[in-house]
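Each remark here refers to the structure printed beneath this line.
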Amino acid sequence: MTPLGPLDPSADRQPAVPATFRSGPRSKATAGRPAAKSAAKSAAKAPAKAPAKAPAKAPAKAPAAKPAARAGAAGAAPAAARPAGPRGALRLPEAPLPPAEVERLVSGAHHDPHALLGAHELPAGTAIRVLRPFAERVVVETELGPAELTHQQGGLFTGLLTGQRFPRYTLRVTYPGGEPLVQEDGYRFAPTLGELDLHLIREGRHEQLWEALGSHLRTVDGVPGTAFAVWAPNAVGVRVIGSFNHWDGTAHPMRSLGSSGVWEVFLPEVGEGERYKYQILTRQGQRLEKADPLARATQCPPDTASMVTASRHVWQDAEWMERRARAVHHRAPLSVYELHLASWRPELTSYREIAEVLPGYLNELGFTHVEFMPVMEHPFGGSWGYQVSGFYAPTARLGTPDDFRFLVDALHRHGIGVLVDWVPAHFPKDDFALARFDGEPLYEPADPLRAEHPDWGTLEFDYGRTEVRNFLVANAVYWCEEFHVDGLRVDAVASMLYLDYSREGGAWTPNQYGGRENLDAASFLQEMNATVYRRCPGVLTVAEESTAWDGVTRPTDSGGLGFGLKWNMGWMHDSLVYIAKEPVHRKYHHNEMTFSMVYAYSENYILPISHDEVVHGKQALVSKMPGDWWQQRANHRAYLGFMWAHPGKQLLFMGQEFAQGAEWDHENGPQWWVLDEGWPAHGDHRGVQRLVGDLNHVYRATPALYEQDTVPAGFAWLDGGAAEDNVLSFVRFAADGSPLVAVCNFSPVVRHGFRVGLPRLEGAEQLWEEALNTDAEQYGGSGVANSSPVKSEPEEWNAQPRSAELVLPPLATVWLRPAR
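For what it's worth, this note's numbering labels the leading residue of the sequence shown as 9, then goes sequentially.
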């Protein structure tokens with residue numbers, strides 16, 4: 009190194025630091041940023057940093073471009089400042105850049121700042137160039153000692169090291185009124201993404217995309233920091249802004265990694281818990297500030313910044329995961345309790361608090377699975393999570409990503425599977441999120457007729473773009489691999505599959521064949537299902553699909569979409585129409601209860617009584633029922649007995665398990681108080697809750713009710729035509745032929761001596777017993793029952809070799825099984 013001489017006190021300096029930088033963090037009126045307060049107050053209210061056990065722990069507040077780094081100021085805690093080097097540093101020769109290049113760099117319009125900044129070999133030595141806006145002095149320190157860089161313009165400091173080739177160096181940066189801060193130079197490092205990553209991103213085949221894009225704590229060449237990477241192919245320039253640079257990204261431009269459309273930078277000393285966004289310069293000259301599409305943690309809404317995070321959760325569900333990998337869902341019991349996490353128990357305000365209560369409740373009621381309405385981050389709570397802005401981040405309303413892992417882990421250790429609602433159909437238009445991400449349609453189609461979702465005022469995804477498909481397919485894998493969820497219920501599939509969905513006349517454009525089918529969406533769903541099933545054995549995907557699209561649950565290698573199950577919306581609609589009728593009128597609607605068996609084996613079905621059926625004026629399930637309070641509850645119980653015996657799996661929304669009378673309210677949750685002893689009708693509600701528990705426990709112990717849900721051999725009508733009596737009777741068969749008979753009386757009268765055909769049993773006694781009776785007194789019923797055992801007679805009836813005369817309780821379902 010050949011310095012020119014002593015430090016010149018009159019050397020070139022930048023203009024005076026603006027008052028906002030002298031007094032503390034720069035502030036803007038944008039959600040997710042620090043408020044405009046004094047530096048001392050900002051420091052006092054700074055968020056907690058990484059725990060002590062965090063790997064590669066970096067100084068909490070000594071980033072590479074910290075303006076106004078005074079002692080005690082925000083971002084300049086004493087622990088962040090290293091000991092200063094000698095003050096008698098010598099000045100290096102300049103290594104200037106053309107003014108136009110500097111302007112592009114400082115304005116954030118340069119596609120490759122790393123080509124200018126950092127260390128670069130020149131014929132005369134190694135050029136060191138550092139961008140430190142508002143810095144007063146920048147000294148480079150190598151093994152040969154300190155030497156000062158010269159300010160060229162706009163915060164660019166340069167110098168030429170002679171006699172050294174790419175030396176290892178650090179920076180000592182001084183801001184007006186502050187002590188020198190020793191920093192690493194992030195622009196001396198190679199890209200943190202490899203060629204394989206970029207190739208897979210270009211091909212749309214990066215199945216672990218979250219490990220390449222987003223923010224990641226890394227240690228590069230012994231230097232701890234955070235690597236940032238974002239896909240923004242139409243951007244002119246991209247910079248990282250955040251709590252570590254006072255939301256001014258001038259010093260932190262990203263480089264474009266060629267045709268991949270990915271921008272990347274490694275920022276030393278940026279650690280866990282830091283908030284950030286991307287500032288994107290568009291072709292139209294706008295500066296957009298966007299949350300990270302692959303952020304794995306976010307601020308709690310209404311704040312919108314992304315957060316640097318790392319998982320430290322140690323999973324304890326190995327036994328569950330091993331068992332899950334061998335599961336065959338179509339031949340296993342599957343009973344799902346659907347809930348909205350934020351309102352299930354409003355007094356439980358975190359994932360961890362819910363984990364203390366929910367597993368025990370589900371075990372008591374016998375559900376095999378729980379389904380969470382969307383847990384992904386969303387800006388508007390009133391969307392219930394169905395307008396997602398952070399597809400890779402569990403909502404911060406209830407805690408951290410590791411807190412959510414803790415909840416899933418707890419459920420698994422109690423033998424409960426976890427399904428999560430997933431929303432690849434659309435996304436909101438919020439300025440900070442995916443809409444026109446880099447100034448142009450990116451995640452959404454360019455054609456506005458295809459981009460706009462007419463029902464929800466949102467935007468649809470462009471399923472024909474490889475990178476967008478990759479974003480969504482990898483997202484499905486992410487939730488299954490990173491959070492051990494056992495299944496994805498895919499929302500609004502019909503709106504994805506049809507180009508004319510909720511669109512009139514000329515408000516849609518046909519596919520290349522002139523049809524209404526969205527072929528790109530169908531292809532995407534096939535790819536998603538095939539990828540998830542290949543990578544995550546035992547995971548289940550479920551389609552909320554309300555049309556007659558052929559092959560929703562057919563395997564992809566046979567031309568189907570590849571889902572494991574499909575919501576049976578037809579059964580739900582028809583059966584609710586029937587049960588809402590007065591009993592005297594039900595005979596005219598009897599076919600509503602039998603038609604589902606015409607198509608029962610066209611798909612693999614789950615029978616849903618979901619949140620959609622108990623909101624927006626549709627009433628709670630018990631309130632749909634006719635009659636007085638006793639009859640409403642009896643209808644409710646009889647309907648659930650019919651539902652659990654019908655071919656298909658079951659799903660029931662929270663609150664309906666104890667017959668709450670009001671619609672679901674996402675702010676206040678279920679009406680738990682009706683179960684309190686002080687409530688006059690608490691016994692009625694507890695009776696229904698007890699019935700749901702017994703339905704599940706008997707169901708799980710009776711293979712006839714689940715082993716052959718998807719094949720005709722598992723079901724036979726005994727009498728599906730007794731419309732005048734409002735009676736349905738049928739038999740279910742297990743794989744070994746063992747039966748369970750269900751008889752439903754949807755009239756409010758007791759029917760004595762009602763003959764029902766019965767299969768022949770092994771042995772001579774031919775005895776049956778009630779496995780469950782929804783009219784039992786412990787459920788709040790009248791207690792009408794059959795004597796036990798029931799002996800069948802050798803009288804053919806309902807095409808069966810034997811039969812028996814039964815007593816049918818009013819508005820009740822009775823299950824009969826071979827006497828034990």
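No residue lacks a Cβ here, since even glycine has one placed at the ideal position from N, Cα and C. Keep in mind the model is a prediction, meaning the values are calculated, not measured.
- Straight-line measurement puts the Cα of Phe-440 at about 10 Å from the Cα of Pro-387.
- Of the residues Asp-684, Ser-755, Gly-546 and Val-622, the one whose Cα lies closest to the Cα of Val-592 is Ser-755.
- Of the residues assessed, Thr-170 falls on the exposed side of the cut-off, its CB having fewer than 16 other CB atoms within 10 angstroms.
- Of all C-beta pairs linking the stretch 662-682 to the stretch 351-370, three or more are shorter than 8 Å, placing the two stretches in contact.
- Within the DSSP bridge table, the entry for Asp-717 names no partner.
- Leu-125 and Thr-178 have their C-alpha atoms spaced approximately 14 Å apart.
- Asp-463 has its alpha-carbon roughly 30 Å from the corresponding atom of Thr-290.
- Under the three-state reduction of DSSP output, Ser-737 falls in the strand class.
- Between Thr-166 and Glu-272, the C-beta gap is not smaller than 8 Å, which leaves the two residues out of contact.
- Judged by beta-carbon spacing, Ala-135 lies within the 8 Å limit of Ala-103, meaning their Cβ atoms are closer than that value.
- Of all C-beta pairs linking the stretch 531-541 to the stretch 577-592, fewer than three are shorter than 8 Å, placing the two stretches out of contact.
- Under the three-pair Cβ rule at 8 Å, the stretch 778-786 counts as touching the stretch 815-828.
- Just measuring C-alpha positions, the residue of Lys-799, Ala-418, Tyr-394 and Glu-215 sitting nearest Arg-763 is Lys-799.
- For the stretch 483-561, the full-length beta strand (DSSP E) segments reaching 3 residues or more read 495-498 and 548-551 along the chain.
- When DSSP states are grouped into helix, strand and coil, Ala-135 belongs to the strand group.
- With contacts defined as CB atoms closer than 8 Å, Glu-590 and Pro-634 qualify as a contacting pair.
- Arg-137 and Ala-127 have their C-alpha atoms roughly 7 Å apart.
- For Pro-232, the enclosing beta strand (DSSP E) stretches over residues 231-239.
- Between the alpha carbons of Arg-641 and His-338 lies a distance of about 31 Å.
- Beta-bridge analysis with DSSP links Cys-752 to Leu-736 and Thr-821.
- For Gly-649, the enclosing alpha helix (DSSP H) covers residues 637-653.
- Note: His-597 is not bridge-paired with any residue in the DSSP secondary-structure output.
- Looking at the backbone, the Cα of Arg-810 and that of Asp-558 are separated by about 39 Å.
- By the Cβ neighbour-count rule, Asp-470 is buried, with 16 or more other Cβ atoms within 10 Å of its own.
- In this structure, DSSP gives His-760 an extended state, which the three-state scheme calls strand.
- The stretch 256-270 and the stretch 306-317 do not touch, with fewer than three beta-carbon pairs separated by less than 8 Å.
- When DSSP states are grouped into helix, strand and coil, Tyr-471 belongs to the coil group.
- Between the C-alpha atoms of Thr-403 and Val-110 there is a straight-line separation of about 41 Å.
- If only uninterrupted alpha helix (DSSP H) runs of at least 4 residues are considered, those enclosed by the stretch 318-346 are 326-333.
- The three-state reading of DSSP puts Arg-145 in strand, counting E and B together.
- Just measuring C-alpha positions, the residue of Phe-399, Val-758 and Arg-405 sitting nearest Leu-356 is Arg-405.
- Runs of the beta strand (DSSP E) lying entirely within the stretch 345-384, each at least 3 residues long, are 377-380 in chain order.
- Separation of Phe-571 and Val-540 (C-alpha to C-alpha, rounded to the nearest whole angstrom) is 10 Å.
- Distances from the alpha-carbon of Ala-418 to those of Ala-730, His-654, Asp-325 and Arg-458 put Asp-325 closest.
- In the structure shown, the three-state DSSP call for Gln-160 is strand.
- Under the DSSP definition of a beta bridge, Phe-440 lacks any partner.
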